[in-house]
Amino acid sequence: MSTATSPAAPAPAGAELTLHDVRLGHPDGAAVPGTVVLRIAPGELLAVVGPSGCGKSTLLRTLAGLLPPLDGRVTQDGEPIGRPAADRALVFQHDALLPWRTVRANVELPLAIRRFPRAERRRSAADWLERVGLAGHAHKLPHQLSGGQRQRVQLARALAGRPRAVLMDEPFGALDAHTRAEMQDLLVDVLQGTGATVVFVTHDVDEALHLGDRVLLLGSGQVLDVSHPRERDARHAPDTTELRRRILESL
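Under the numbering used here, residues 38 to 288 are what the sequence shown spells out, in order.
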């Protein structure tokens, strides 16, 4: 019998992710200037912005356990992150779906890897596809979907595995403005009740201000609180406008 936690179990608590004087970079390449000192609270949505080359994608891969820090420590709930783990999911700008697997089979993948029984995988995939608005597309292949639909599948696949942390690398960057706004709203909707901690990298300042509880300016190391996270009507509020100005100046 599988000892894995059932997808129908209560949502796990979000992970606490901490960077202790971390220097980011690749062992065979240049280091990212400066060090990062940061605590990401359980259940927080942290948006990350910064100029090209400042280490945004490197930060995500370090948090995922794919890339060790050049110096300092990276921890999850106080324990060192040394390798990838099932409770940390990565979501990319390009959907990274397996082209030979159906939509349903792609969503089931993280559960299949963890040896969940087939009936549980099917129930979980069906539930997540319904939540992302793709219940009628389960038997299609990825090439039969639009770009926005493929990103919905990738989001469903990431969350079906019940991660405690979701690390998102410009997931909506290749979408048109209308689809991008739809995906932002969908992300807010489907994250409700998951408990997951989210680190969301973006080049779009307005996207960061809409989604994030806080915004990390990676180039300068500043972390700014967002007054009205995930409220569309707050886009033109004076404090949002001032925060946007501060971020753009830092960039």
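C-beta: ideal position from N, C-alpha, C; glycine also.
Bear in mind that the values here come from a model prediction, so they are computed numbers and not experimental data.
Collapsed DSSP secondary structure at residue i in the structure displayed
i, result
"G185", "helix"
"D270", "helix"
"A41", "With a pLDDT of 48 at A41, under the threshold of 50, the modelled position of that residue is not reliable, and no figure is offered here."
"L96", "helix"
"G62", "strand"
"E116", "strand"
"A78", "coil"
"L171", "coil"
"R194", "helix"
"H57", "strand"
"A50", "coil"
"A202", "strand"
"A101", "helix"
Residue span of the alpha helix (DSSP H) that contains residue i, given as start and end
i, result
"I150", "V140 to I150"
"T278", "P275 to S287"
"D164", "R155 to R168"
Enclosing beta strand (DSSP E) for residue i [first to last residue]
i, result
"Q113", "D108 to Q113"
"Q221", "Run containing Q221: none in the beta strand (DSSP E); it sits in the alpha helix (DSSP H), A214 to L228."
"T72", "Premise fails: T72 is in no beta strand (DSSP E) and is neither H nor E."
"A35", "Shown here, the chain extends from 38 to 288; a query on residue 35 therefore has no answer."
"V242", "Looking at the DSSP string, V242 is not in any beta strand (DSSP E); the run it does join, the alpha helix (DSSP H), is V242 to L248."
"F129", "From DSSP, F129 is part of no beta strand (DSSP E); its letter is neither H nor E."
"F237", "T234 to V238"
"V260", "Q259 to D262"
"L254", "R251 to L254"
Cα-Cα separation, residue i to residue j
i, j, result
"A50", "R76", "16 Å"
"E116", "A123", "15 Å"
"P147", "V69", "32 Å"
"E81", "V235", "6 Å"
"E157", "R98", "30 Å"
"R138", "E219", "25 Å"
"R267", "P275", "16 Å"
"L134", "I150", "15 Å"
Buried versus exposed call for residue i [16 or more other C-beta atoms within 10 Å across all chains shown]
i, result
"R199", "buried"
"R187", "buried"
"R110", "exposed"
"A197", "buried"
"A67", "exposed"
Neighbour flag for residue i against chain B, beta carbons, 9 Å
i, result
"D164", "Absent from the structure is chain B; it holds one protein chain and no more."
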